[in-house]
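In the numbering used here, the protein residues as written are 15 to 194. Even glycine gets a Cβ: it sits at the ideal position worked out from N, Cα and C. As the structure is a prediction and not an experimental result, all values here were calculated from the model. The structure appears right after this line, and notes come after that.
Quick look at the structure:
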């Protein structure tokens, strides 16, 4: 399949070269994917605003080589850092780190996609950030098969369970501790 059109949430971005970006997205139908967005950092780029962190967008991709290339993007829902405080931005980075670290590439999981989308929407409208993040962590661990939902997981212990799975410390927890 050469061309693909999919709904996706941008979970990571990294500058590449003069005007390109490497994006990690979680798609509705293909799970986590890495894609190349050529020229999106140019001022004249029409796609640049559509591939901001935590935006939900419709992406058109061309799969011609090692990595799919973004050809078109349309935002369905934008996560606006300006409207959200530092606490919510820190929580958003934590969500992205968990998704990027715990989810395998190219493994479709529509329930995880729905969880991410719902959590981002709730994050914009809640003041109970800690409880939202704790619920997200438990649900994500359950959906990915790392922790059964029936077994109790203390909110303080979830960080250690996740770090044990990732085999590294969570960077976003330091940021959240400094902000909250």
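| For residue 40 and residue 179, believed in contact at Cβ under 8 Å, the rounded distance | That pair is no contact at about 18 Å.
| task | Tell me, to the nearest whole angstrom, how far the beta carbon of residue 93 is from that of residue 134; I am working on the premise that it is less than 8 Å. | result | With a Cβ gap of about 6 Å, residue 93 and residue 134 count as contacting.
| query | Which same chain residues, not among the five before or five after residue 44, have their C-beta less than 8 Å away from its C-beta? | reply | Answer for residue 44: 18, 20, 120, 122, listed in chain order.
| query | Is residue 108 near residue 87, with beta carbons less than 8 Å apart? | reply | No, Cβ-Cβ distance for residue 108 and residue 87 is not below 8 Å.
| request: For residue 76, name the three-state secondary structure that DSSP assigns. | output: Strand at residue 76.
| said: On the CB-based measure, 16 or more other CB atoms within 10 Å of its CB, does residue 47 come out buried or exposed? | reply: In this structure residue 47 is buried. Its beta-carbon is surrounded by 16 or more other beta-carbon atoms within 10 angstroms.
| query | Do you know offhand how far residue 187's Cα is from residue 84's? | reply | Using only the alpha carbons, I get a separation of about 31 Å.
| message | Considering Cα atoms alone, identify which of 68, 73, 56, 172 is closest to residue 137. | response | Closest option to residue 137, Cα to Cα, is 68.
| Closest residue to residue 173 among 161, 165, 162, 151 (Cα-Cα distance) | For the residues 161, 165, 162, 151, the minimum Cα distance to residue 173 belongs to 151.
| field | Short CB-CB distance (under 8 Å) between residue 100 and chain D | value | In summary, chain D is missing from the structure at hand, where a single protein chain is found.
| task | Measure how close the beta-carbons of residue 42 and residue 124 come, nearest whole angstrom, since I'm counting them as under 8 Å. | result | Yes, residue 42 and residue 124 are in contact; Cβ-Cβ is about 6 Å, under 8 Å.
| task | Note the first and the last residue of the continuous beta strand (DSSP E) segment covering residue 30. | result | Following the DSSP letters along the chain, one finds residue 30 inside the beta strand (DSSP E) bounded by residues 17–30.
| Should residue 183 be labelled buried (16 or more other beta-carbon atoms within 10 Å of its own) or exposed? | With fewer than 16 other Cβ atoms from the protein chains shown falling within 10 Å of its own Cβ, residue 183 counts as exposed.
| task | Check the C-beta distance from residue 24 over to residue 37 and give it rounded, since I have them as a contact under 8 Å. | result | In this structure residue 24 is in contact with residue 37, their Cβ atoms being roughly 6 Å apart against a cut-off of 8 Å.
| request: Could you round the C-beta distance between residue 175 and residue 155 to whole angstroms and report it? I think they count as a contact, below 8 Å. | output: The distance from the Cβ of residue 175 to that of residue 155 is about 7 Å, consistent with a contact at the 8 Å cut-off.
| How would you label residue 57, buried or exposed, when you count the other beta carbons within 10 angstroms and need 16 or more for buried? | If you draw a 10 Å sphere on the C-beta of residue 57, you find fewer than 16 other C-beta atoms in it, and that means exposed.
| message | Strictly by DSSP, which residues pair up with residue 47? | response | Answer by DSSP bridge pairing, in chain order: 39.
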